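Asker: Before anything else, here's the structure in question.
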Amino acid sequence: MKLDGPVIRSGPPGPNVTKVLEEAGLGPEDYGSPLVERAEGIYIEDPDGNVFIDLISGRCITNTGHSHPRVIEAIQKQLSRGFHWQTVEMYSLADRLGEMTGLNPCQVYWSQAGSMVNEFAIKAARRITRRPNIISFTGSYHGSSMGAISLSGYDPAMTRHYSPILPGIFHAPYASCYRCPFKHDVETCDLACLDYINDVMFNTYVAPDEVAAVFVEPIQGDAGWHIPPDGWHQGLRRICDDHGILLVVDEVQTAFGRTGKWTAMEHWGVQGDIVLLGKSMASGVPLSAAILSKDILESTDSEPIPIHAQSF
Numbered sequence: 000m001k002l003d004g005p006v007i008r009s010g011p012p013g014p015n016v017t018k019v020l021e022e023a024g025l026g027p028e029d030y031g032s033p034l035v036e037r038a039e040g041i042y043i044e045d046p047d048g049n050v051f052i053d054l055i056s057g058r059c060i061t062n063t064g065h066s067h068p069r070v071i072e073a074i075q076k077q078l079s080r081g082f083h084w085q086t087v088e089m090y091s092l093a094d095r096l097g098e099m100t101g102l103n104p105c106q107v108y109w110s111q112a113g114s115m116v117n118e119f120a121i122k123a124a125r126r127i128t129r130r131p132n133i134i135s136f137t138g139s140y141h142g143s144s145m146g147a148i149s150l151s152g153y154d155p156a157m158t159r160h161y162s163p164i165l166p167g168i169f170h171a172p173y174a175s176c177y178r179c180p181f182k183h184d185v186e187t188c189d190l191a192c193l194d195y196i197n198d199v200m201f202n203t204y205v206a207p208d209e210v211a212a213v214f215v216e217p218i219q220g221d222a223g224w225h226i227p228p229d230g231w232h233q234g235l236r237r238i239c240d241d242h243g244i245l246l247v248v249d250e251v252q253t254a255f256g257r258t259g260k261w262t263a264m265e266h267w268g269v270q271g272d273i274v275l276l277g278k279s280m281a282s283g284v285p286l287s288a289a290i291l292s293k294d295i296l297e298s299t300d301s302e303p304i305p306i307h308a309q310s311f
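Quick note: the sequence shown uses numbering that gives the first Met the number 0, first residue 0, plus one each step.
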């Protein structure tokens with residue numbers, strides 16, 4: 000039967016969900032997001048027959064909706080043929096991602112989560128440039144692994160009791176115009192947050208020729224959907240170009256149509272040197288990728304980037 004909702008029949012949590020929680024040694028107070036019996040389109044049904052609207056598409060991952068028939072068909076087809084080691088599909092997808100991000104010819108590193116491609120990009124940027132430092136932004140979210148929480152800057156709880164976190168990462172103010180950190184008006188500020196990088200950061204505590212990369216989300220998500228004004232991303236690109244700094248664009252949460260275009264940076268016409276993808280790329284199947292322009296690999300005398308891999 001096709002799901003049609005929303006509808007609340009029992010609870011939540013209802014008796015069936017409560018039983019599952021009790022068997023796991025948990026109580027009703029531990030009930031958070033719905034326990035999924037099945038999911039279809041925008042709806043999630045729990046074991047008690049309650050149907051909820053999934054307003055965030057899982058964790059911003061199912062852009063095509065839950066259980067899309069074409070996605071299921073593709074998964075079943077690949078499972079029946081084998082999926083470990085390299086496949087032809089990996090190369091065809093790499094080419095399409097390179098075309099989508101404007102980085103062809105490119106090199107692609109595959110993983111299963113956004114955190115992991117951020118970890119890879121930290122290593123790659125430092126290896127390619129031979130520089131130790133990285134600039135990220137206040138309000139940013141790049142994942143929950145040690146390197147990713149070091150890049151992130153929107154909640155102190157992310158790093159509490161984990162110190163020392165990764166050294167050499169400095170946070171600049173993001174273009175959060177709704178609550179400007181400089182208390183400026185967006186119409187007259189003249190992008191003071193960009194000036195802060197040039198006038199304060201580079202002149203006081205991190206020299207530009209020691210910065211390997213700038214990590215940026217085109218639109219910040221977890222911090223409250225901060226959308227920079229026109230000119231900010233272009234100015235950030237110029238700063239990177241002026242100082243030989245790599246621009247790493249974290250599109251894990253914003254790519255694949257979530258902002259109306261394949262990548263959010265298309266709205267500003269800005270090209271990153273490394274683009275990070277994940278979440279909705281496989282519409283719920285764990286898959287992420289770091290796309291590197293071969294130009295940046297061939298423009299340096301760096302040794303090949305050592306393998307950064309997992310078993311799966």
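For every residue, glycine included, the Cβ atom is placed at its ideal position computed from N, Cα and C.
It should be emphasised that the depicted structure is a prediction, and the values quoted were computed from it without experimental measurement.
#1: Cβ atoms of C188 and A171: under 9 Å apart, would you say?
#2: Flag A123 as yes if its beta-carbon sits less than 9 Å from any beta-carbon of chain D, otherwise no.
#3: Contact check, H242 vs P285 under 8 Å by CB: the rounded distance?
#4: Taking the beta carbon of L246 as the centre, do at least 16 other beta carbons fall within 10 Å, making it buried, or is it exposed?
#5: Could you give the C-beta distance for K278 and G113, rounded to a whole number, given that I count them as a contact under 8 Å?
#6: Taking 8 Å as the limit between beta carbons, can you name the residues of its chain near I74, skipping five residues before and five after?
#7: To which residues of the same chain is G234 closer than 8 Å at the C-beta, ignoring the five residues directly before and after it?
#8: For F82, count the other beta carbons within 10 Å of its own beta carbon; 16 or more makes it buried, fewer makes it exposed. Which is it?
#9: I believe Y42 touches G4 by the beta-carbon criterion, under 8 Å. Please report the beta-carbon distance rounded to the nearest angstrom.
#10: Assign Q75 to one of three DSSP states: helix, strand, or coil.
#11: What are the boundary residues of the beta strand (DSSP E) that includes Q106?
#12: What are the boundary residues of the beta strand (DSSP E) that includes D249?
#13: Please classify N202 as buried or exposed, where buried requires at least 16 neighbouring CB atoms within 10 angstroms.
#14: Taking E45 as the reference, which of G220, R80, P11 and N103 has the closest Cα?
#15: In whole angstroms, what is the alpha-carbon distance linking G142 and L276?
#16: Please list, in chain order, all residues of the same chain as S175 whose beta carbon is under 7 Å from its beta carbon, the five residues on each side excluded.
#17: With C-beta atoms as the reference, is V210 less than 9 Å away from V248?
#18: Check the C-beta distance from T258 over to I218 and give it rounded, since I have them as a contact under 8 Å.
#19: Any idea which residues DSSP pairs I290 with across the strands?
#20: Would you tell me roughly how many angstroms separate the C-alpha atoms of S149 and I134, rounded to the nearest one?
#21: Starting from H170, trace the beta strand (DSSP E) both ways and give me its first and last residue.
#22: Which residue wins for smallest C-alpha separation from Y195, given the options V185, H65, P180 and E186?
#23: Taking Cβ to Cβ, would you say A120 is nearer than 9 Å to A212?
#24: Whole alpha helix (DSSP H) runs in the region 108-171 with 4 or more residues, listed along the chain?
#25: Roughly how many angstroms lie between the CA atoms of G24 and V50, to the nearest whole one?
#26: Does the separation of the CB atoms of S144 and N117 fall below 9 Å?
#27: Given that a residue counts as buried once 16 or more other Cβ atoms are within 10 Å of its Cβ, and exposed if not, what is P33?
#28: So what does A38 bridge to, in DSSP terms?
#29: Regarding K1 and the ligand FMN, is the C-beta to nearest heavy atom distance less than 8 Å?
#30: Which residue marks the beginning of the beta strand (DSSP E) containing A211, and which one marks its end?
#31: Please say whether L296 and Q106 have beta carbons closer to each other than 9 Å?
Answerer: Let's see:
#1: The residue labelled residue 171 in the question sits at position 172 within the sequence shown. The residue labelled residue 188 in the question sits at position 189 within the sequence shown. Taking 9 Å as the Cβ cut-off, A171 and C188 do not qualify as a contacting pair.
#2: No chain D appears in the structure shown, which is made up of a single protein chain.
#3: Working through the sequence shown from its first residue, we reach residue 242 at position 243. Working through the sequence shown from its first residue, we reach residue 285 at position 286. No, H242 and P285 are not in contact; Cβ-Cβ is about 36 Å, not under 8 Å.
#4: Here residue 246 refers to the residue found at position 247 when the sequence shown is read from its first residue. So L246 counts as buried.
#5: Within the sequence shown, residue 278 is the residue found at index 279, counting from 1. Within the sequence shown, residue 113 is the residue found at index 114, counting from 1. Yes, K278 and G113 are in contact; Cβ-Cβ is about 6 Å, under 8 Å.
#6: The residue labelled residue 74 in the question sits at position 75 within the sequence shown. Excluding positions up to five away in sequence, the list reads V284.
#7: Position 235 of the sequence shown holds residue 234. Answer for G234: L190 and L193, listed in chain order.
#8: Mapped onto the sequence shown, residue 82 falls at position 83. Under this definition F82 is an exposed residue.
#9: Position 43 of the sequence shown, counting from 1, holds the residue named residue 42. Position 5 of the sequence shown, counting from 1, holds the residue named residue 4. The pair is a contact, with the Cβ atoms about 5 Å apart (cut-off 8 Å).
#10: The residue given as residue 75 occupies position 76 in the sequence shown. Three-state result, Q75: helix.
#11: The residue given as residue 106 occupies position 107 in the sequence shown. Segment C105 to S110, the beta strand (DSSP E) holding Q106.
#12: Taking the sequence shown and counting its residues from 1, the one referred to as residue 249 is at position 250. Segment L245 to D249, the beta strand (DSSP E) holding D249.
#13: Start at 1 with the first residue of the sequence shown, and residue 202 comes out as number 203. With fewer than 16 other Cβ atoms from the protein chains shown falling within 10 Å of its own Cβ, N202 counts as exposed.
#14: Here residue 45 corresponds to residue number 46 of the sequence shown, with the count starting at 1. The identity of residue 45 in the sequence shown is Asp, whereas the question assumes Glu. Ranking the options by Cα distance to D45, first place goes to P11.
#15: Taking the sequence shown and counting its residues from 1, one reaches residue 142 at position 143. Taking the sequence shown and counting its residues from 1, one reaches residue 276 at position 277. A direct Cα-to-Cα measurement between G142 and L276 gives close to 12 Å.
#16: The residue given as residue 175 occupies position 176 in the sequence shown. Cβ neighbours of S175 beyond the five flanking positions: G138 and H225.
#17: Within the sequence shown, the letter at position 211 stands for residue 210. Within the sequence shown, the letter at position 249 stands for residue 248. It is not a contact, given that the beta carbons lie outside the stated cut-off.
#18: By one-based count along the sequence shown, residue 258 stands at place 259. By one-based count along the sequence shown, residue 218 stands at place 219. Between I218 and T258 the Cβ distance is about 7 Å, and since that is below 8 Å, they are a contact.
#19: Working through the sequence shown from its first residue, we reach residue 290 at position 291. I290 pairs with V107 and V274.
#20: On the sequence shown, residue 149 is found 150 positions in, with the first residue counted as 1. On the sequence shown, residue 134 is found 135 positions in, with the first residue counted as 1. For S149 and I134, the distance between alpha carbons rounds to 11 Å.
#21: The count along the sequence shown starts at 1 and reaches residue 170 at position 171. Element bounds for H170: I168 to A171.
#22: Locating residue 195 in the sequence shown gives position 196, counting from the first residue. That would be P180, whose Cα lies nearest to the Cα of Y195.
#23: Here residue 120 is taken as the residue at index 121 of the sequence shown, counted from 1. Here residue 212 is taken as the residue at index 213 of the sequence shown, counted from 1. Yes, the pair counts as a contact, with Cβ atoms nearer than the cut-off.
#24: 113-128 and 145-150
#25: To locate residue 24, count along the sequence shown from 1; it is residue 25. To locate residue 50, count along the sequence shown from 1; it is residue 51. If I take the Cα positions, the gap works out to 25 Å.
#26: As a position in the sequence shown, residue 144 is number 145, starting the count at 1. As a position in the sequence shown, residue 117 is number 118, starting the count at 1. A contact, by the Cβ cut-off of 9 Å.
#27: For this step, residue 33 is matched to residue 34 along the sequence shown. Under this definition P33 is a buried residue.
#28: For the purposes of this step, residue 38 is taken as the residue at position 39 of the sequence shown. DSSP output for A38 lists I43 as bridge partner(s).
#29: Absence of the ligand FMN from the depicted structure is noted, as is the absence of any ligand whatsoever, leaving it without description.
#30: Stepping through the sequence shown from its first residue, residue 211 is reached at position 212. Where A211 is concerned, the enclosing beta strand (DSSP E) stretches over V210 to V215.
#31: Counting from 1 along the sequence shown, the entry for residue 106 is found at position 107. Counting from 1 along the sequence shown, the entry for residue 296 is found at position 297. In this structure, L296 lies closer than 9 Å to Q106 by Cβ.
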